[in-house]
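Below is one structure, written out as structure tokens; comments come after it.
2 protein chains.
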Amino acid sequence: MSRRENATRTAGRAPASAKGAGRRIGIRDVAEATGLSITTVSHALRGKGQIAPATRERVRRAAAELGYRPDPVARGLVSGRTGILGLVVGHMADLPWASTYRPYYAAFSAGAAMAAVERDYALVAVPGDPASGLWARVPMDGMIIVDPVREDPLLADCARRGMPVVTDGRPIDPGYDGVPTVESDLEHGMAAILGHLRDAGAARVGLLSGPEPDAYTQDCERLYRQWCTTNGQAPIVETPAVTEDPVEAALRMLSAPDRPDAVHGLNETYGQALIVAARRLGLTVPDDLMISVMRESDQAAGTTDWEVPLTALSLDARRLGAECVAALIDVLDGKDPGSSVVPCTVVVRGSTRRAEPSTR
Amino acid sequence: MSRRENATRTAGRAPASAKGAGRRIGIRDVAEATGLSITTVSHALRGKGQIAPATRERVRRAAAELGYRPDPVARGLVSGRTGILGLVVGHMADLPWASTYRPYYAAFSAGAAMAAVERDYALVAVPGDPASGLWARVPMDGMIIVDPVREDPLLADCARRGMPVVTDGRPIDPGYDGVPTVESDLEHGMAAILGHLRDAGAARVGLLSGPEPDAYTQDCERLYRQWCTTNGQAPIVETPAVTEDPVEAALRMLSAPDRPDAVHGLNETYGQALIVAARRLGLTVPDDLMISVMRESDQAAGTTDWEVPLTALSLDARRLGAECVAALIDVLDGKDPGSSVVPCTVVVRGSTRRAEPSTR
DNA sequence: TTGTATGCGTTATCAC
DNA sequence: GTGATAACGCATACAA
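In order, the protein sequence lines correspond to chains U and H.
So the first sequence is numbered by the working numbering: it starts at 24 and just counts up by one.
So the second sequence is numbered by the working numbering: it starts at 24 and just counts up by one.
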């Protein structure tokens, strides 16, 4: 119900690309039109050298009239910069792009994209699967790796080739001390959320952890165990296998004889899984079981929840994305951004609000 | 709590970029290492010309050992292709990236990204705000424009420059007949969802439309009015202003003397707005008011809904994204993808399920 | 103030 | 089979 129009039509000379519409207007066209040399045109347009204001204006006008736009590729070849930042989207080779659906990534990439555009960079999504090799075929100045995993092949490859990298979440392997990192303040955050559960009346707090071999998971677990020690409680940790339905893990945890009366889930999905498992076991939320989760932000909270509004430790994914971009651009500019920590906040909702706080 | 490592160190010669780590290894390094010419190396690696199998293998091995990767920029300069597809993320200049948060875009871009990677392309997000000019500074082979608006400046600019474009949603202005388009089958979809409302017992069906000057909105409204004519009903359409809270528009519609007893909202947000407005007016869903919405997919349905599970006309945003990418790559390959239509399906949930269907 | 010449890393053309 | 060499489009020392 339609046909094409441009495409192909390999006009012009050599390759000239299939970009269609005759030949692209280049700097030499502007030079011809003004009767000047391409050097002068370039200088006039970029504000380099000493150019007569009148000439500059003439060049500007001519360029505008002709609709001249410098070819980004050619410019990139000489400048060594492309203005493109890579964002690694998902690590699991077997589930590529799966994380795209997770609100955390959506918020993170939105924040990153906004920050990038503000600084005149563009963001390109590359798959975490290193086998595709796509990331090496895409011209980019630097890369943002979200939650690098153990022996992360991309991270290793980038380091080897000197590709500037910033990570969201500390690299878990040693040897990456030089890589700037942006992290959520899990130390305070975990203490705050676990403390809240206890204060809200929980006697035994469990952790529904994740299978990912990244610093986020590892840190959360470590901080949790540490908290348990401090609070004189035996740790209760359950972890769904990579391909397992988290509901199964939740059921395991909740059907044990010494089941917890409060559980913190390491992502929103786990919160839903806990709700499902609780209902299936006839447990009431929050009276029999309090639930809290990690969430990507407090933005959508309340409208996203299912059945029970979930208390959350709200990570600021948008800000994390923005900070990563800022840090990466700093690196590209030769500055040292160091590592930064973004605060996260506890948002209390129905899932941890018992009628009588300390009935227990 | 960290420092940098690579960055700057403007080693090598000329610009060489700030990419760090000494100088990048290029094809000439491989040539030197093998004692061959760069031409032979290039041919061996790309499988061009006639190369002795032994030589080819030797080159391959050397390249691998040295960790040689062809520079995408240089390659792009000569080939005229960059392997990058642009995806316009948001149109509203005043609310850039706002649409990023809409599930439709998230699903669309995920589908597009997956399809792009499969075909060895990368996807770059560019802002709809043409003022930034970013899109012209990013090297890309083609562009996907989602829901082009009236007098869309980007669309116009692309057409002028011969940049291959595929749109999700038909361009609303004339003169773009040659632009391949991917659309949801609104014609059947709208008929189906409106028919469902009627069959479910609605006597007067309203439409909560949107302020966007795009084909989607226009088509939905047209199809709705057409349906009204066929069904002997006076159209009831309300549209929130661009900056207005949709709840206000919903309240206007529902507090009118001849208020509808069923309303279809053109996006999920409008559905929530309708729920809020209904509750504020003391109307019960679905008994006093049935609500249905457009949704980006049926994937998350049920876990996303707030208070009332919403009946939806489920658009297949992921597939739409994938089809756009496929079409765009076809154009780049000189084929004509034509325009395609993606079906959408009615998913009935609680918001239109009355206890007694036709009590009215 | 303007122009000439060279390089950026690859691929393609055409000799050898 | 293999190897010089010329584009690709732009930016910049350096000469004029």
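All residues carry an ideal CB built from backbone N, CA and C; glycine is no exception.
Only a predicted model underlies this, so the values are computations on that prediction, with no experimental measurement involved.
- In chain order, R183, R184 make up the part of chain U whose C-beta sits under 8 Å from the C-beta of G90 of chain H.
- Taken through DSSP and simplified to helix, strand or coil, T252 of chain H comes out as helix.
- Measuring C-alpha to C-alpha distances from D310 of chain U to each of U:G373, U:T292, U:V299 identifies U:G373 as the nearest.
- When C-beta distances to chain H are compared with 7 Å, the residues of the stretch 132–162 of chain U below that value are A133, A136, M137, V140, D143, A145, L146, V147, A148, V149, P150, S155, L157, A159, R160, V161, P162, in chain order.
- Sixteen is the threshold: since fewer than 16 other Cβ atoms of the shown chains lie within 10 Å of the Cβ of P76 of chain U, the residue is exposed.
- Of the residues H:Y91, H:P332, H:E291, the one whose Cα lies closest to the Cα of V53 of chain H is H:Y91.
- Three or more beta-carbon pairs separated by less than 8 Å link the stretch 235–246 of chain H to the stretch 163–181 of chain H, which places the two stretches in contact.
- Around the beta carbon of T262 of chain U, 16 or more other beta carbons sit within 10 angstroms, so the residue counts as buried.
- Within the stretch 297–376 of chain H, the complete beta strand (DSSP E) segments at least 3 residues long are 313–318, 334–337, 363–365, 368–370, listed from N- to C-terminus.
- The Cβ atoms of L108 of chain H and L351 of chain H lie closer than 8 Å to each other.
- Counting C-beta pairs with one atom in each stretch, the stretch 190–204 of chain H and the stretch 256–276 of chain H have fewer than three that are closer than 8 Å, which means they do not touch.
- Any Cβ of chain U closer than 8 Å to the Cβ of A349 of chain H would place that residue at the interface, and such an atom is absent.
- Under the three-state reduction of DSSP, G218 of chain H is assigned to helix.
- Close partners of A97 of chain U in chain H (Cβ separation under 7 Å): L100.
- By a beta-carbon distance limit of 8 Å, R79 of chain U does not contact T57 of chain U. Their separation comes to about 11 Å.
- With a beta-carbon spacing of about 19 Å, V149 of chain H and V96 of chain H fall beyond the 8 Å limit used to define contacts.
- Here L230 of chain U is bridged, per DSSP, to U:V260, U:H287.
- Using a Cβ-Cβ cut-off of 8 Å, I107 of chain U counts as an interface residue toward chain H, since at least one Cβ of chain H sits closer than that to its own.
- A129 of chain U belongs to the set of residues whose beta carbon lies under 8 Å from a beta carbon in chain H.
- Runs of the alpha helix (DSSP H) lying entirely within the stretch 148–192 of chain U, each at least 4 residues long, are 157–160, 176–184 in chain order.
- The DSSP-derived three-state label of G49 of chain H is coil.
- In this structure T334 of chain U is buried. Its beta-carbon is surrounded by 16 or more other beta-carbon atoms within 10 angstroms.
- Below 8 Å, enough C-beta pairs join the stretch 128–136 of chain U and the stretch 335–350 of chain U to call them touching: three or more.
- For a cut-off of 8 Å, the C-beta gap from V140 of chain U to L157 of chain H is around 6 Å, short enough to register as a contact.
- Scanning H:A296, H:H287, H:L230 for the CA closest to the CA of S315 of chain H turns up H:H287.
- For V82 of chain H, the enclosing alpha helix (DSSP H) has its first and last residue at 76–89.
- When DSSP states are grouped into helix, strand and coil, V205 of chain H belongs to the strand group.
- In chain order, D321, A324, T334, A335, S337 place their CB closer than 7 Å to the CB of V370 of chain U, counting only its own chain and leaving out the 5 sequence neighbours on each side.
- Annotation for L274 of chain H: the continuous alpha helix (DSSP H) segment containing it runs 269–278.
- Closest in alpha carbon position to P93 of chain H, among H:A378, H:M313, H:G49, H:L217, is H:G49.
- In this chain, I107 of chain H is not harboured by any alpha helix (DSSP H); it is covered by the beta strand (DSSP E) spanning 107–111.
- One thing to note: L68 of chain U has its Cβ within 8 Å of the Cβ of A86 of chain U.
- Below 8 Å, too few C-beta pairs join the stretch 178–195 of chain H and the stretch 174–193 of chain U to call them touching: fewer than three.
- The Cβ neighbour count for E291 of chain U, taken over all protein chains shown within 10 Å, is at least 16; the residue is labelled buried.
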